[in-house]
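**Student:**
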Amino acid sequence: MLRYITKRLIFSIPIVLGVTLIAFLILYLTPGDPVTNLLGSRATPEARAELSEKLGLDQPVLVQYGRWLGNVLHGDLGTSILTKQPVSEAIGSRLSYTLKLTLTAFLSSVLIGIPVGIFAAAKQNTAADHISMGIAMFFYSMPDFWFGLMLILVFSLTLQWLPVSGAYGPKYLILPALALGLPKIGSIARLMRAETLEVMREEYSLTARAKGISEWLIMFKHVLRNAAIPVMVMLFLALPWLISGAVVIETIFAWPGMGQLMYQAILRKDFPVIQALLLIIAILTVLFNLLGDVVAGLLDPRIRVK
Amino acid sequence: MKRLKILSLLLVLVIALTACAPEAAPAADTAPDTSEEAPVAAAEESASAEETAPTRTKLVIADMFTPEILDNQQSFMGYALSHGLIGQPLLRYDGDTGVFVPDFVESFSISEDGKTMTLKLPAGYKYSNGDVLDAQALVDTINRYVSISPYSYDYDGMESVTAIDETTVEIVNAIGFNVMNPTFMGSFGAAWNVAVAEAVGDEAFASNPVGSGLYSIKTEWAPGQDLELVRNDNYLTNNPLVENKGPAYMEEVLVRFIADGQTRANELEAGSVDIVYGLPASAISGMESNPDIQVFKVTFPGQISISMNTTKAPFDDMAVRKAVAMAVNRDQLEVALNGSVSAEHAYVNPSMIAYTSEAQEYAKELYPNDTEAAKALLAEAGWEDTDGDGIVEKDGEAFTVVFLVDSGSVPQTDAGPVIQAQLKEIGIDVQIEQHDRGYIREAMNAGDYEIGLYGYIWVDPDILTYRFSEGMSPSQFAPAELGEMLDVAREVPDPEDRVAAYLDVQKYLLDNVPMIPLMSENLYVGARSWVKGITILSPDQLVLNDVTIIEE
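Here the protein sequences come in this chain order: A and B. Letter by letter, the first sequence follows residues 60 to 365 of the working numbering. Letter by letter, the second sequence follows residues 755 to 1306 of the working numbering.
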């Protein structure tokens, strides 16, 4: 297993480098010069040229990429063009907010979605199944920003129980986490139900049932372990994107996380920030992808790599 | 099964640990405090006897603009609220009388030839941190602006800046002060403490600068966080447009940067913020009927215009440009954009220096909204609908043009389809293309486009010098005759003469119509009724000198 992991990690290096190079080229090939974007409408051609030189944007694109990569290998993610802040600091100051929001939403959607999916599968084709899946489908169909606005309307403006926006303490986390998590409950519950039903129809489940083992024991000992594999893989693959934040929800709830940072950076073409965020997302995607495969192997010996 | 349990436990543990990680931003530990407190001493001293004592000493403001940095000398953007509370402008512009008045300076005068400005500073004045702010300190700050600001060309023509004595600064500028004054009337030209900047370095100063404004930074600020300010007890002003010339009545201000307009409106309705700088126009009708909320409206200086490439067909033909000008219905635009814009007919809008309604009237007379007259102009230029498809043709070519719209500007993206429909009425087929502002400006400056929207915000009509000079004119319109008129207008020292000079410039432009003035963006400021003493100075400066909170 260790050899497999090492091999996968080595193969990941060119993937990450490729992603950063493609992202770099796309950024630079996108029409619109960041300098023109930054300076106001009165900027003279001389002022534009001066700023371009100052930011190193007058160099050929591959030279710029090489310089950026060299700095990254020395642990320097660069400095934001807009805020003059080291990019690592900018990311660091927002990461905890994003993790708090996305992981709360993630955890709540997992803790609710999985039991609901199992429950619906166990009660297949009953009223309980239809109602729980109906609710899950409703959550799944509604966009998170709509939930956000409705939650503000009900809990902040009408009932005045919770604050509208901000990040000043635990109660400020409730509404954005709910708005972000509710749609995910639907997707997790649906997947869990489908996988559980499939495993329940496997021969080993039928054999266990024929032996007279109780339904709940079959469920927990045989069905869940196998049904959980695709769900676990899906959850691991979703983790890297939790780091990049939730742009819409962060905007609606004025939550100072990574989504806001990325949105502003893209809008104003703050190349060092965009590059650093893409690099982090690429690394995390590769790592969690590997982790997902390893976990799947641990759960099911049949797919374990020899 | 054991492994599954362990893995699940590990996952839950990792998630729980991460979720419980300490908050990085200091501002986030402090919820907006709107609890009742004792009235402040300054307010008691300064408030007139008949006024009720303030019931709270902390003000919470929601700002639509999130600053990247707070040192306005290094900033690419000027933010009237966050920068304006920390930096103190040297001058202010009185929009009612059309003249500049002192703020930080005690008085100022300009020599008869208009080339020398003498600034008299208050004696013994200090920055918010207690450092001396004398004539030499102001000279240092002006020199720093020239060396560090991306907009150092604001001080083009400046030949010298000298501290004559401790309280007198003399500036000599070969082109006069019309170009410099707009910088002086905002936080770009404010006095920023150069000694501190040199001691801590420009990078650190960028986020936590020291000025002489009404407030100073209370808790170290980092980009993306809310801004906690505390009253500057060294503050004095000579601004005749405010009553309270001393330190602010409100001891503290929390500026919350909220990008979403509806969220700002919700916060105001919930009463969790006292003032909103930038209410969405869509929320105004509901707010105006709410007795607990007061709404102020100002128009940003500058405008959004239709820019046409005058060097390429079909817009190299003046008759075609005039037809477009007559096809545009600005009243429809105002309604369609929900009151977020005001119609503009001429190049200098009412919030700009040297405004005159005469130019607006001239424009309305020249280009009334008249579809039939516009069609006749197109026919005169050889464009007629020969195949009855509703689109005019010339030499077998249909009048189809690509219309550029800035994807980052809501008024522009909203206005695009309205203009598209209006031009369709006279037989012009408009294909809207949304691009980022940088791309559009490059394309327009290079003359590589047909028609599109172009927006800018600036208070002085000298902006027209940039809009109609070689290499910078989006319409590629920069005749020498106009250049001479603009050179004269930028240097005219007398305000009334300047209005006349820019009236001539506007008439010249309207006669040739390379750009069609369309609309100016409106700014709505909302406040709870318990906030008293709000002042908005020209053009968009929310001033808190007289602000108190009196809750019933």
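Quick reminder that beta carbons are idealized off the backbone N, C-alpha and C, glycines included.
Tell me the DSSP secondary structure of A:Gly193 in three-state form.
**Tutor:** By one-based count along the first sequence, residue 193 of chain A stands at place 134. Helix, per DSSP.
**Student:** Between the alpha carbons of B:Ala781 and A:Lys328, how many angstroms are there, rounded?
**Tutor:** Within the second sequence, numbered from 1, the residue matching residue 781 of chain B stands at position 27. Within the first sequence, numbered from 1, the residue matching residue 328 of chain A stands at position 269. Low per-residue confidence applies at B:Ala781: pLDDT is 36, beneath 50, and the placement is therefore not dependable, though the value from the model is reported in the following sentence. Their Cα atoms are separated by approximately 27 Å.
**Student:** I need the DSSP call for B:Gly1280, collapsed to helix, strand or coil.
**Tutor:** What you label residue 1280 of chain B is simply residue 526 of the second sequence in a count that begins at 1. Looking at B:Gly1280 - three-state DSSP - the assignment turns out to be strand.
**Student:** Would B:Glu957 pass as an interface residue toward chain A - the criterion being a Cβ-Cβ separation below 7 Å?
**Tutor:** By one-based count along the second sequence, residue 957 of chain B stands at place 203. Yes, contact with chain A.
**Student:** Name the residues in the segment 972-985 of chain B whose C-beta lies less than 9 Å from a C-beta of chain A; which are they?
**Tutor:** Listed in sequence order: Ala976, Pro977, Gly978, Gln979 and Asp980.
**Student:** Taking Cβ-Cβ distances shorter than 7 Å, what residues in chain A pair up with B:Gly1305?
**Tutor:** Taking the second sequence and counting its residues from 1, the one referred to as residue 1305 of chain B is at position 551. The displayed chain sequence assigns Glu, not Gly, to residue 1305 of chain B. Correct list: empty, because the minimum Cβ distance to chain A is about 17 Å.
**Student:** Are the C-beta atoms of A:Gly91 and some chain B residue less than 7 Å apart?
**Tutor:** Here residue 91 of chain A refers to the residue found at position 32 when the first sequence is read from its first residue. With 7 Å as the cut-off, A:Gly91 counts as an interface residue toward chain B.
**Student:** For A:Met201, I'd like the list of residues in its chain whose CB is within less than 8 Å of its CB, leaving aside the five on either flank, ordered along the chain.
**Tutor:** Numbered from 1 along the first sequence, position 142 holds the residue referred to as residue 201 of chain A. Counting only Cβ-Cβ distances below 8 Å, and skipping sequence neighbours, we find Leu241 and Pro242.
**Student:** By the criterion of Cβ-Cβ separation under 7 Å, what are the contact partners of A:Ile211 in chain B?
**Tutor:** Translated into positions along the first sequence, residue 211 of chain A becomes position 152. Those are Asn1020, listed as they occur along chain B.
**Student:** Any heavy atom of the ligand PLP closer than 6 Å to the CB of B:Val996?
**Tutor:** Only the bare structure without any ligand can be found here, which leaves the ligand PLP out of the picture.
**Student:** Under 8 Å Cβ-Cβ, which residues of chain B neighbour A:Lys41?
**Tutor:** This structure cannot settle anything about residue 41 of chain A, because the visible part of chain A is limited to 60 through 365.
**Student:** Could you tell me whether the Cβ atoms of B:Leu887 and B:Ser966 are closer together than 7 Å?
**Tutor:** Mapped onto the second sequence, residue 887 of chain B falls at position 133. Mapped onto the second sequence, residue 966 of chain B falls at position 212. Their beta carbons are under 7 Å apart, which means B:Leu887 touches B:Ser966 by this criterion.
**Student:** For B:Tyr899 and B:Tyr909, what's the separation of their Cα atoms in angstroms?
**Tutor:** Position 145 of the second sequence, counting from 1, holds the residue named residue 899 of chain B. Position 155 of the second sequence, counting from 1, holds the residue named residue 909 of chain B. Their backbone Cα atoms lie some 9 Å apart in a straight line.
**Student:** Please name the residue, chosen from B:Phe1153, B:Ile1211 and B:Pro904, that lies closest to B:Leu1132 on a Cα-to-Cα basis.
**Tutor:** One-based indexing of the second sequence puts residue 1132 of chain B at position 378. Checking every option, the nearest Cα to that of B:Leu1132 belongs to B:Phe1153.
**Student:** Are the beta-carbon atoms of B:Gln969 and B:Leu983 separated by less than 7 Å?
**Tutor:** Here residue 969 of chain B is taken as the residue at index 215 of the second sequence, counted from 1. Here residue 983 of chain B is taken as the residue at index 229 of the second sequence, counted from 1. Reading the sequence as shown, one finds Tyr at residue 969 of chain B and not Gln. Yes, Cβ-Cβ distance for B:Tyr969 and B:Leu983 is below 7 Å.
**Student:** Are the Cβ atoms of A:Ala164 and A:Leu61 separated by less than 7 Å?
**Tutor:** Translated into the one-based positions of the first sequence, residue 164 of chain A becomes position 105. Translated into the one-based positions of the first sequence, residue 61 of chain A becomes position 2. Taking 7 Å as the Cβ cut-off, A:Ala164 and A:Leu61 do not qualify as a contacting pair.
**Student:** Mind checking which residues open and close the alpha helix (DSSP H) that includes B:Pro1249?
**Tutor:** Position 495 of the second sequence, counted from the first residue, corresponds to residue 1249 of chain B. Pro1249 to Asn1266 is the extent of the alpha helix (DSSP H) around B:Pro1249.
**Student:** Taking only three categories from DSSP, how would you classify B:Glu917?
**Tutor:** To locate residue 917 of chain B, count along the second sequence from 1; it is residue 163. One point to set straight first is that residue 917 of chain B is Ala, not Glu, in the sequence displayed. Strand.
**Student:** Closest to B:Trp1212 by C-alpha separation, out of B:Gly1093, B:Met1106, B:Val1155 and B:Pro994, would be which residue?
**Tutor:** For this step, residue 1212 of chain B is matched to residue 458 along the second sequence. The residue with the shortest Cα to Cα distance from B:Trp1212 is B:Met1106.
**Student:** Are any of the Cβ atoms in chain A nearer than 7 Å to that of B:Glu822?
**Tutor:** Counted from its first residue, the second sequence places residue 822 of chain B at position 68. Answer yes: the Cβ-Cβ gap between B:Glu822 and chain A drops below 7 Å somewhere.
**Student:** Measure from the C-beta of B:Arg1244 to each C-beta in chain A and report whether the shortest distance is under 7 Å.
**Tutor:** Within the second sequence, the letter at position 490 stands for residue 1244 of chain B. Chain A, which has no Cβ nearer than 7 Å to the Cβ of B:Arg1244, makes this no.
**Student:** Within the same chain, show all residues whose beta-carbon is closer than 6 Å to that of B:Gly978, passing over the 5 residues directly before and after it, in chain order.
**Tutor:** Taking the first residue of the second sequence as 1, we reach residue 978 of chain B at position 224. Excluding positions up to five away in sequence, the list is empty.
**Student:** Taking Cβ-Cβ distances below 7 Å as the criterion, which residues of the segment 1004-1033 of chain B are in contact with chain A?
**Tutor:** Residues passing the 7 Å Cβ filter: Arg1010, Ile1012, Ala1013, Asp1014, Thr1017, Asn1020, Glu1021, Glu1023, Ala1024 and Ser1026.
**Student:** Is the segment 936-948 of chain B in contact with the segment 819-832 of chain B, if contact means three or more CB pairs nearer than 8 Å?
**Tutor:** Touching, per the Cβ criterion.
**Student:** Taking the C-alpha atoms as reference points, what is the distance between B:Glu1119 and B:Asp1183?
**Tutor:** For the purposes of this step, residue 1119 of chain B is taken as residue 365 along the second sequence, with counting starting at 1. For the purposes of this step, residue 1183 of chain B is taken as residue 429 along the second sequence, with counting starting at 1. Rounded to whole angstroms, B:Glu1119 to B:Asp1183 spans 26 Å at the Cα level.
**Student:** If you reduce the DSSP assignment to three classes, tell me which class B:Pro1165 lands in.
**Tutor:** Numbered from its first residue, the second sequence carries residue 1165 of chain B at position 411. If DSSP states are grouped into helix, strand and coil, B:Pro1165 belongs with the helices.
**Student:** With a threshold of 8 Å, are at least 3 pairs of Cβ atoms found where one atom belongs to the segment 1291-1300 of chain B and the other to the segment 1002-1017 of chain B?
**Tutor:** The segment 1291-1300 of chain B is in contact with the segment 1002-1017 of chain B.
**Student:** Drop a sphere of 10 angstroms on the beta-carbon of A:Leu17, count the other beta-carbons inside from all chains shown, and report buried for 16 or more, exposed for fewer.
**Tutor:** Chain A is shown from 60 up to 365; residue 17 of chain A falls before or after that span and cannot be answered.
**Student:** Determine the contact status of B:Asp1028 and B:Ser1283, defining contact as a CB-CB distance below 7 Å.
**Tutor:** Residue mapping note: residue 1028 of chain B aligns to position 274 of the second sequence, counting from 1. Residue mapping note: residue 1283 of chain B aligns to position 529 of the second sequence, counting from 1. It is not a contact, given that the beta carbons lie outside the stated cut-off.
**Student:** Which residues does DSSP pair with B:Val926 in a beta bridge?
**Tutor:** Numbered from 1 along the second sequence, position 172 holds the residue referred to as residue 926 of chain B. B:Thr870 and B:Ser914, per the DSSP bridge assignment.
**Student:** Are any of the Cβ atoms in chain A nearer than 7 Å to that of B:Pro904?
**Tutor:** Here residue 904 of chain B corresponds to residue number 150 of the second sequence, with the count starting at 1. Closer than 7 Å: yes.
**Student:** Find out if the Cβ-Cβ distance for the pair B:Phe1011, B:Thr820 is shorter than 7 Å.
**Tutor:** Your numbering for residue 1011 of chain B matches position 257 in the second sequence. Your numbering for residue 820 of chain B matches position 66 in the second sequence. Yes, these two residues count as a Cβ contact at 7 Å.
**Student:** Can the beta-carbon of B:Met1080 be found closer than 7 Å to that of B:Ala1128?
**Tutor:** As a working note, residue 1080 of chain B is residue 326 in the second sequence. As a working note, residue 1128 of chain B is residue 374 in the second sequence. Yes.
**Student:** Any residues in the segment 142-170 of chain A with a beta carbon nearer than 8 Å to a beta carbon of chain B? Which ones, in chain order?
**Tutor:** Listed by position, the residues of the segment 142-170 of chain A near chain B (Cβ gap below 8 Å) are Thr142, Lys143, Gln144, Glu148, Ala149, Gly151, Ser152, Arg153, Leu154, Ser155, Tyr156, Leu158, Lys159, Leu162, Thr163, Phe165 and Leu166.
**Student:** Which complete beta strand (DSSP E) runs does the segment 1192-1219 of chain B hold, if anything under 3 residues is left out?
**Tutor:** Segments of the beta strand (DSSP E) lying fully in the segment 1192-1219 of chain B: 1205-1210.
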